[in-house]
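Given below as structure tokens:
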């Protein structure tokens, strides 16, 4: 039996965290029964049946005014984190018999110190899937938000340092994060396993009428569409869109009147008065019209860690991409002339020079290589090896 501990709600295609967990679940269920202990930090939309057992706890912080103020000023909500920690402590203790019966426990991120402690007290094999190294993300704030940098470093540094020492296996999404953790957090390299995110690209399912309706609804007819997709309640995505709102949109408007920034994802209410050349859709149930309408995917990311699922998604659909070194971290873009990596100061010129017909003829071999490197089969193979290794310990 395998138990997984994660933040929730885990909902289909809602964010990179959920997408990765869904693929991990698929890989684990090939071997054993899996139970997910989920601590919801956002209101669930309500889902259908799952192939795994689900134990769910409400850890939502509902004091919106205080939470919004803290998120805006220091980029995270320590009161919400405190509620989550207390809820997780109670929930994990109530499920201690489940943890004792488990052959292995997968913990999704370093924000579950009580889960790690309990499992080690029960002599369980603990696998921590990092998703991203939060200390690395914190250090990206140093240049433009020193308060967030200091507070995040104080909060996440000790949590990750502690987790790296107690867990039996630490799963990373890229070699870059392994090297960072080894040098900065003094992680034992022998514990590290790299399991990349999954690039799963079904054919687009959108009719001409659906696409036309989508363009009409959001004022995109006859426009060059520069899209960003992401959960805007996530710190790195919100920071990215803040940059577009505060700096990039106005600079681009002066040189490209035809261009519209299309921002897709929940959390749009945090941007009540966007520039005239920006459109927010909020959460969308179907991403296909968004991808079909996109001329270029734009991700001016200043902070971030882990592999960006959204970049992989648009690469998989052969869309031109403009991003930063942070946005492309951990992704092999060799042979992809359609992927432009610039510092933030170079974004206005790159968008001024961009034409929607550019970047369409991408070498077929490059698309195949990207699909193979991030395929579900790669994750399944890595999980097979990991579980086999755990049994030998």
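Numbering (our numbering), first residue to last: 567 to 959. Idealized CB from N, CA, C, for every residue including glycine.
Asked                                                                                                                                  : Found
Span separating the alpha-carbon of residue 963 from that of residue 763                                                               : Lying before the first or after the last residue shown, residue 963 is absent from the chain, which here runs from 567 to 959.
Buried/exposed call for residue 567, threshold 16 Cβ in 10 Å                                                                           : exposed
Limits of the alpha helix (DSSP H) - the one that residue 885 falls within                                                             : First-last for residue 885: undefined, no H or E at that position.
Distance between residue 889 and residue 844 (C-alpha atoms, nearest Å)                                                                : 18 Å
Simplified DSSP assignment, three categories, for residue 811                                                                          : helix
Environment of residue 743 [buried if 16+ CB atoms lie within 10 Å]                                                                    : buried
Uninterrupted alpha helix (DSSP H) stretches inside the region 655-714 (no shorter than 4 residues)                                    : 662-667, 679-687, 700-706
Close Cβ partners of residue 801 (< 6 Å) along its chain, the five nearest in sequence each way excluded                               : 641
Residue 632, buried or exposed, once every other Cβ within 10 Å from all chains shown has been counted against 16                      : exposed
Residue interval of the alpha helix (DSSP H) (run including residue 633)                                                               : 630-640
Those residues which DSSP pairs with residue 623 across a bridge                                                                       : 605
Distance between residue 773 and residue 650 (C-alpha atoms, nearest Å)                                                                : 43 Å
Check whether residue 836 and residue 876 have beta carbons under 8 Å apart                                                            : no
Three-state secondary structure assigned by DSSP to residue 933                                                                        : Any reading at residue 933 must be qualified, since the residue scores a pLDDT of 48, below 50, and its modelled position is unreliable; the value itself is stated next. Three-state DSSP puts residue 933 in a helix.
Beta-carbon spacing of residue 759, residue 739 below 8 Å                                                                              : no
Residue 932 to residue 941 span [Cα, whole Å]                                                                                          : Note that residue 932 scores a pLDDT of 43, beneath 50, so its modelled location is shaky and nothing firm can be said.
Cβ-Cβ distance between residue 830 and residue 799 below 8 Å                                                                           : no
First and last residue of the uninterrupted alpha helix (DSSP H) at residue 582                                                        : 582-595
Inter-stretch contact at 8 Å, needing at least 3 Cβ pairs: the region 707-727 / the region 653-660                                     : no
Beta-carbon gap between residue 858 and residue 786 smaller than 8 Å                                                                   : no
The region 579-589 touching the region 615-628, judged by at least three CB pairs closer than 8 Å                                      : no
Proximity test, residue 630 beta-carbon vs the ligand ATP heavy atom, cut-off 7 Å                                                      : As far as ligands go, the structure on display features none, and thus does not contain the ligand ATP.
Continuous beta strand (DSSP E) stretch holding residue 573: start and end                                                             : 568-574
Where the alpha helix (DSSP H) through residue 953 begins and ends                                                                     : 942-958
Residue(s) in a DSSP beta bridge with residue 794                                                                                      : 829
Presumed contact (8 Å Cβ cut-off) between residue 715 and residue 707, rounded CB distance                                             : 4 Å
Contacts around residue 712, its chain only, beta-carbon distance under 8 Å, and the 5 residues preceding and following it disregarded : none
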